[in-house]
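Trainee: Sharing a structure with you now.
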Amino acid sequence: MNAIDPSLAPEWQQAIFRVLKAGDVRQVAYVPDAGHAHVIRCAVADPDIQDIVLTTEEEGVALACGAWLGGQRSVLLMQSSGVGNCINMLSLLQSADIPFLTLVTMRGEHAEFNPWQGPMGRTTQAALELMGVHVVRASHADEVEELVSAALDEAFLAGGRVAVLLSQRLIGRKNWARK
Amino acid sequence: MEASAVMDRRVFVSSLLQHLPDALVVTGLGSSAYDVFAAGERDRNFYLWGAMGGAAPIGLGLALARPDQSVVVITGDGEMLMGIGSLATIAAKQPANLSIVVLDNGHYGETGMQRSHTALGTDLVAVARGFGLREALVCDDLAGCESIARRILARQGPLLVQARVRADEPPRVLPPRDGPYIKNRFRAALGLRPF
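As they're listed, the protein sequences go chains Y and R.
According to the numbering used here, numbering within the first sequence proceeds without interruption in unit steps and concludes at 181.
According to the numbering used here, numbering within the second sequence proceeds without interruption in unit steps and concludes at 223.
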């Protein structure tokens, strides 16, 4: 594994991990994405947090249910394309009234190079809302901390199901040139 | 499914659970939920009525949250196959207290007994081992229940058991369908309060 100085990660990514840690999130489930890289690295390094790499995002929805049954808070980190993989499993959260927090890095938006990301990216918010998940969007770095913190409270203090979309403009252009 | 699979699913599940009075049990949907309910209603049962493919990852989240408890997922071959990748996710974490018992009748019982992949060539134990679950075994004899229960209670897993059961449909006995009730009852049994 490459040693990457955590202080070099964008401040908004550092803020996300601070909020999760302060909010006593004990299970961090993910299908990797560059925008989640810092939080994943921190979760892997934190002895009090279980990091769970998933083969498909819907496992993380079910995992959130199991964690809550056992008294722990979890978060699901995924890319917008992964939301489509979750659709039927999201019914579990409504049917059993399970708190849920997910952070979704967006594709198919700002300066997207890959048209195959478009169809799911354009329907990510609507798909989540159709399945009963409250969606908020972070477009600017300076609002990420407050929005994630508010979403965490909505999930685990009010029993809500909340997604924070991290917009592609926030994450920045993907560099398609081979290094 | 070979003709040697002669275990009665209800007898197998009740024989297993009688050794596990305190285990936390997550079921699949359909027959496996009915089997667990028929073995005796318990606050420590979480039944699925949907979310197919979710039983094993629910068990993982629960097992990670409660390493002090033995967690047992009891599901069917069809439900396990739908979430088969979760065995890789479980293997990556190696939760010592998680056991997955697949009641394999080689068929989708709830929808009219169509053949499943395990009747058409898929070897669940080989799949589990390939994913990295080293403790994977077949049970086709009720006499094996006690040793499986011992392994579950030893929490030296993760463990996967392919329990080969007869493809029949015992009378339906329906567990509660009220999800919030099942959830709150389960959490209360662990001393967890509503938010």
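Cβ atoms here follow ideal geometry from the backbone N, Cα and C, with glycine treated the same way.
In this text the structure is predicted, and so the values were computed from the model without any measurement.
Going along the chain, which residues of its own chain have a beta-carbon closer than 7 Å to the beta-carbon of Y:Gln127, five neighbours each way excluded?
Mentor: Numbered from its first residue, the first sequence carries residue 127 of chain Y at position 125. Cβ neighbours of Y:Gln127 beyond the five flanking positions: Val137, Leu167.
Trainee: Find the nearest neighbour of Y:Ser83 within the set Y:Glu59, Y:Leu159, Y:Leu95, judged by alpha-carbon distance.
Mentor: Taking the first residue of the first sequence as 1, we reach residue 83 of chain Y at position 81. Nearest of Y:Glu59, Y:Leu159, Y:Leu95 to Y:Ser83, Cα basis: Y:Glu59.
Trainee: Which ranges would you report for the beta strand (DSSP E) in the segment 92–173 of chain R if only whole runs of at least 3 residues count?
Mentor: DSSP runs (the beta strand (DSSP E)) wholly in the segment 92–173 of chain R: 99–104, 126–132, 163–167.
Trainee: Per DSSP, which one or two residues make a beta bridge with Y:Arg163?
Mentor: For the purposes of this step, residue 163 of chain Y is taken as residue 161 along the first sequence, with counting starting at 1. Looking at the DSSP assignment, Y:Arg163 forms a beta bridge with Y:Phe102.
Trainee: Output the distance between the C-alpha atoms of Y:Ile99 and Y:Gly161, rounded to the nearest integer angstrom.
Mentor: Locating residue 99 of chain Y in the first sequence gives position 97, where the first residue counts as 1. Locating residue 161 of chain Y in the first sequence gives position 159, where the first residue counts as 1. In the sequence on display, residue 99 of chain Y carries Asp and not Ile. Those two C-alpha atoms are separated by around 8 Å.
Trainee: With distances taken Cα to Cα, identify the nearest neighbour of Y:Glu114 among Y:Gln170, Y:Lys23, Y:Asp144.
Mentor: Translated into positions along the first sequence, residue 114 of chain Y becomes position 112. Measuring from the Cα of Y:Glu114, the nearest candidate turns out to be Y:Gln170.
Trainee: Identify whether Y:Ser76 lies in helix, strand or coil by the three-state DSSP scheme.
Mentor: As a working note, residue 76 of chain Y is residue 74 in the first sequence. Y:Ser76 falls in the strand class under three-state DSSP.
Trainee: Mind checking who R:Leu220 pairs with in its DSSP beta bridge?
Mentor: The residue given as residue 220 of chain R occupies position 192 in the second sequence. Answer is none; R:Leu220 lacks a bridge partner.
Trainee: Quick one: is R:Pro208 near chain Y, going by C-beta distance under 8 Å?
Mentor: Here residue 208 of chain R refers to the residue found at position 180 of the second sequence. Taking Cβ atoms only, chain Y reaches closer than 8 Å to R:Pro208, which makes this a yes.
Trainee: Rounded to whole angstroms, what is the Cα-Cα separation between R:Arg179 and R:Gly185?
Mentor: To locate residue 179 of chain R, count along the second sequence from 1; it is residue 151. To locate residue 185 of chain R, count along the second sequence from 1; it is residue 157. Their Cα atoms are separated by approximately 8 Å.
Trainee: Please confirm whether R:Ala147 and R:Gly160 have their CB atoms less than 8 Å apart.
Mentor: Walking along the second sequence from the start, residue 147 of chain R turns up at place 119. Walking along the second sequence from the start, residue 160 of chain R turns up at place 132. No, the Cβ-Cβ distance between R:Ala147 and R:Gly160 is not below 8 Å.
Trainee: Y:Leu94 touches chain R at which residues, Cβ-Cβ below 9 Å?
Mentor: For the purposes of this step, residue 94 of chain Y is taken as the residue at position 92 of the first sequence. Under the 9 Å cutoff, chain R gives Leu76, Gly78, Ala79, Gly82, Ile86, Gly207.
Trainee: Please state the DSSP three-state secondary structure of R:Phe65.
Mentor: Walking along the second sequence from the start, residue 65 of chain R turns up at place 37. Looking at R:Phe65 - three-state DSSP - the assignment turns out to be helix.
Trainee: Report back the beta-carbon spacing between R:Leu92 and Y:Ala69 to the nearest angstrom; my notes put them in contact at under 8 Å.
Mentor: The sequence position of residue 92 of chain R within the second sequence is 64, counting from 1. The sequence position of residue 69 of chain Y within the first sequence is 67, counting from 1. Indeed, because the Cβ distance is near 7 Å, the residues count as touching under 8 Å.
Trainee: Which partner residues of Y:Tyr32 appear in the DSSP bridge assignment?
Mentor: Counting from 1 along the first sequence, the entry for residue 32 of chain Y is found at position 30. DSSP lists Y:Val55, Y:Leu79 as partners of Y:Tyr32.
Trainee: Taking 8 Å as the CB-CB cut-off, is R:Ser114 touching chain Y?
Mentor: Reading the second sequence from its first residue, position 86 is the one you call residue 114 of chain R. Judged by the 8 Å Cβ criterion, R:Ser114 is in contact with chain Y.
Trainee: Is the shortest distance between the beta-carbon of R:Phe223 and the beta-carbons of chain Y less than 8 Å?
Mentor: Taking the first residue of the second sequence as position 1, residue 223 of chain R is located at position 195. Closer than 8 Å to some Cβ of chain Y, the Cβ of R:Phe223 qualifies, so yes.
Trainee: In this structure, what does DSSP give as the bridge partners for Y:His112?
Mentor: Looking up residue 112 of chain Y in the first sequence gives position 110. Answer is none; Y:His112 lacks a bridge partner.
Trainee: Would you mind giving the Cβ-Cβ distance between R:Leu57 and R:Gly78, rounded to the nearest angstrom? I have them listed as a contact below 8 Å.
Mentor: Position 29 of the second sequence holds residue 57 of chain R. Position 50 of the second sequence holds residue 78 of chain R. R:Leu57 to R:Gly78, Cβ: 6 Å. Contact.
Trainee: What would DSSP say about R:Arg178, mapped onto helix, strand or coil?
Mentor: Locating residue 178 of chain R in the second sequence gives position 150, where the first residue counts as 1. DSSP places R:Arg178 in helix when its eight states are reduced to three.
Trainee: Chain R beta carbons: is any one of them nearer than 8 Å to that of Y:Ser97?
Mentor: The residue you call residue 97 of chain Y lines up with position 95 of the first sequence. Yes, contact with chain R.
Trainee: Name the chain R residues that come within less than 8 Å of Y:Ser76, Cβ to Cβ?
Mentor: Here the question's residue 76 of chain Y lines up with position 74 in the first sequence. Neighbours of Y:Ser76 on chain R, chain order: Gly89.
Trainee: Within the 8 Å Cβ cut-off, does R:Thr55 reach chain Y?
Mentor: Reading the second sequence from its first residue, position 27 is the one you call residue 55 of chain R. No, because no Cβ of chain Y sits closer than 8 Å to the Cβ of R:Thr55.
Trainee: Cβ of Y:Phe19 versus every heavy atom of the ligand SAM: is any distance shorter than 7 Å?
Mentor: Annotation note on the ligand SAM: not contained in the displayed structure, which lists no ligands.
Trainee: What are the start and end residues of the beta strand (DSSP E) that includes Y:Arg124?
Mentor: In the first sequence, residue 124 of chain Y corresponds to position 122, counting from 1. Note, Y:Arg124: premise wrong, no beta strand (DSSP E); alpha helix (DSSP H) at 120–132.
Trainee: By the DSSP assignment, the beta strand (DSSP E) with R:Leu187 in it spans what residues?
Mentor: Taking the first residue of the second sequence as 1, we reach residue 187 of chain R at position 159. Run containing R:Leu187: 187–192, per the beta strand (DSSP E) assignment.
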